[in-house]
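Right, one structure below, let's go through it.
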Amino acid sequence: MNGHANGGTTTVVENGTATVNGHTTINGKVHHKINNVPKEPFKWFFRFLTLDNKIGGAEQDWLYTEEPHTGRRKEILDKHPEIKNLMGPDPYIVLPVTICVFSQIFFCWILQDVSWPTIFFMAYCVGGVLNHSLGSAVHEIGHNLAFGHGRRAWMNRVLSLWVNLPLGVPMAITYKKYHADHHRYLGEENQDVDIPTRLESWLFKHPITKMVWLICHPVIHSLRPFYKSPKPLLGWEMINIVVQALFDLLMFKLFGIKAVVYMVLGTVLGLGLHPLAGHFISEHYLFTEGQATHSYYGPLNFILYNVGYHNEHHDFPYIPYNKLPEVKRLAPEYYDNLPYHTSWIKVVWDFIFDKNMGPHAHGVGYKTDGAHAKSS
């Protein structure tokens with residue numbers, strides 16, 4: 499985690515403590531006093547607390563007021579209206595995702611007769627990377643950023659079914675359905691299904707159990723919405739299930755069981771204890787006290803459709819992945835001074851071995867003003 503801003507000044511003190519642009523950093527983490535939050539519109543963005551904090555407090559002390567990026571979005575657009583020109587779909591995403599889909603089919607073909615250890619190795623090192631990339635594309639397309647809203651919205655769903663095929667399990671349509679709530683209710687414990695359950699926060703606090711949680715994360719993350727915020731099954735979800743089952747059957751008929759296992763393992767391993775999966779942790783866990791969202795600025799953004807530009811994405815969900823760096827360039831005063839990550843591997847390491855991190859450290863918001871002042 500970089501606690502300094504791009505181009506900012508860092509003064510190293512002692513015991514790993516430093517001063518960065520007026521903030522105190524400890525071992526690279528910027529700590530904001532929770533009672534010293536900015537005035538509106540950024541009050542809520544810097545006022546998240548950990549899930550553990552909420553579990554240990556009185557329920558009546560908590561009141562969800564608004565999605566924390568709402569105020570940022572309004573002020574940034576007021577000062578930089580040119581950012582509106584970046585909004586809108588980018589159909590050219592069809593090209594890289596199609597190359598990725600055919601690449602996975604190619605690997606299914608060449609791996610059909612290899613040993614099982616080779617299947618596991620390739621599923622982690624190759625399938626995990628390609629399927630995680632496709633999963634990030636599903637996220638992008640889920641925002642209708644391939645063909646836009648309106649009459650052509652159905653084309654986004656069809657494309658997401660195509661992108662879903664090498665993942666081996668149907669998830670594209672269901673993901674879109676629940677991901678909308680993650681943006682609309684970011685930090686609201688029951689509606690934001692990215693927030694772990696209280697049982698998860700209690701069970702997985704030791705380094706070993708946190709590793710187990712990361713390994714099982716694809717399964718836990720896919721089942722959590724049905725427990726926390728169940729929604730009716732959609733017709734498109736049924737289509738997703740049928741199309742995926744037919745494709746898996748076709749792969750089995752053409753290339754055998756190892757091809758199907760390679761696809762599914764690539765998804766499970768790539769979204770689990772894997773360097774790329776560090777983005778799940780880096781985005782909304784409180785590596786910085788109070789800050790609702792963190793970005794990652796590093797080379798792996800190229801593979802995952804700039805998912806690391808997460809503050810930029812939550813500020814402007816209808817700007818496509820390839821224009822998110824331009825948001826940061828146009829409005830540097832809103833991004834350059836925020837702490838950010840530069841290594842997802844370091845994120846995973848800290849998540850496992852830092853006792854203050856774990857499922858219990860996911861950000862939630864907010865305490866009422868009275869309770870907030872009392873706890874400060």
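Residues 499 to 874 in our numbering are what the sequence shown lists, from first letter to last. From the three backbone atoms N, C-alpha and C, an ideal C-beta is built for every residue, glycine too. Bear in mind that the values here come from a model prediction, so they are computed numbers and not experimental data.
Restricting attention to alpha helix (DSSP H) runs no shorter than 4 residues, the segment 597–673 encloses them at 614–620, 626–640 and 651–662, ordered along the chain. Taking 8 Å as the cut-off, the beta carbon of Tyr864 is found closer than this to the beta carbon of Thr563. Taking the C-beta atoms as reference points, Ser631 is found nearer than 8 Å to Ile801.
The residues Gly666 and Val758, in chain order, have a CB closer than 7 Å to that of Asp746 in the same chain once the five nearest residues on each side in sequence are set aside. The beta-carbon distance between Tyr676 and Val691, rounded to whole angstroms, is 5 Å. This is short enough to meet the 8 Å contact definition. Residue range Ile755 to Gly768 is occupied by the alpha helix (DSSP H) that includes Ala757. Contact annotation: Met761 and Gly625 have beta-carbon atoms nearer than 8 Å. Note on Trp711: 16 or more other CB atoms within 10 angstroms of its CB, so buried under the neighbour-count rule.
Of the candidates Pro823, Glu580 and Leu628, Leu628 places its Cα closest to the Cα of Cys598. Asp550 and Ser699 do touch by the CB rule: their CB atoms are close to 6 Å apart, below 8 Å. In terms of Cβ geometry, Ile693 and Val862 form a close pair [threshold 8 Å]. Closest in C-alpha terms to Ile608, from the list Ser658, His858 and Gly754, comes Gly754. Excluding five sequence positions before and after Tyr795, the CB atoms of its chain that fall closer than 7 Å to its own CB belong to Gly806, Tyr838 and Thr840, given in chain order. Under the DSSP definition of a beta bridge, Thr548 partners with Gly861. Between Ser613 and Val636, the gap from beta carbon to beta carbon reaches 8 Å or more. Scanning its chain for C-beta atoms nearer than 7 Å, with the 5 sequence neighbours on each side dropped, one finds around Ser780 the residues His792, Tyr794, His839, Trp842 and Val845, in chain order. Residue state for Ser727 is assigned as coil, using DSSP reduced to three classes. Look at the beta carbons and you see the segment 581–600 touching the segment 644–657: at least three pairs across the two are nearer than 8 Å. Counting every other CB atom within 10 Å of its CB across the protein chains shown gives Phe778 a total of 16 or more, marking it as buried. In this structure, the CA atom of Pro723 is about 10 Å from the CA atom of Asn688. Nearest to Ala829 by alpha-carbon distance, out of Ile671, Ile574 and Leu697, is Ile574. Annotation: Gln789 to Leu643 spans about 27 Å, alpha carbon to alpha carbon.
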